[in-house]
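Pasting the structure below:
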């Protein structure tokens, strides 16, 4: 028992001395750098939703800053049918959204990050057109939220390093 306790204590001190820092810790330098990102307009309604979500994460207080970085996001969307009825009409559809994003330095246009993120959600295709449209809209918003979280997490990791 004493050996196990001894190893836990050694492990605790080793972790605390290795520079381990949680991603979402309140590091003022990282927060300041992230808030200096300008998010370029993204086309279509889905792009507006994604941009607003990113802005809420990057600079939630909407403080005035001098931008040092530019984030450009290009999106594409595709749908594919998964399940069919006997009359070959779809009953389930996959919605895949792909976002390619680039973080560049505004001064010298050097690309700092270039990534691609994909998110896939499914929705039911039912007899009611309205219900199908609402299900598709909900699936799209969920995918955009996942993409926004992934982009923001990658930005935090980049600025922490």
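In my numbering, the protein residues as written are 265 to 425.
Even glycine gets a Cβ: it sits at the ideal position worked out from N, Cα and C.
Of the residues the options, which one's Cα is nearest the Cα of residue i?
i	options	result
residue 365	306, 272, 297	306
residue 410	321, 295, 299	321
residue 390	273, 354, 420	354
residue 386	406, 372, 373	406
residue 404	266, 327, 312	312
Thinking C-beta only, is residue j closer than 7 angstroms to residue i?
i	j	result
residue 375	residue 333	no
residue 384	residue 414	no
residue 378	residue 336	no
residue 370	residue 331	yes
residue 362	residue 392	no
State buried or exposed for residue i, treating a residue as buried only when at least 16 other CB atoms are found within 10 Å of its CB.
i	result
residue 423	buried
residue 399	buried
Assuming residue i and residue j form a contact by the criterion Cβ under 8 angstroms, report the distance between their Cβ atoms to the nearest whole angstrom.
i	j	result
residue 323	residue 299	4 angstroms
residue 388	residue 356	6 angstroms
residue 487	residue 342	Any property of residue 487 remains undetermined from this structure, which presents the chain solely from 265 to 425.
residue 408	residue 310	6 angstroms
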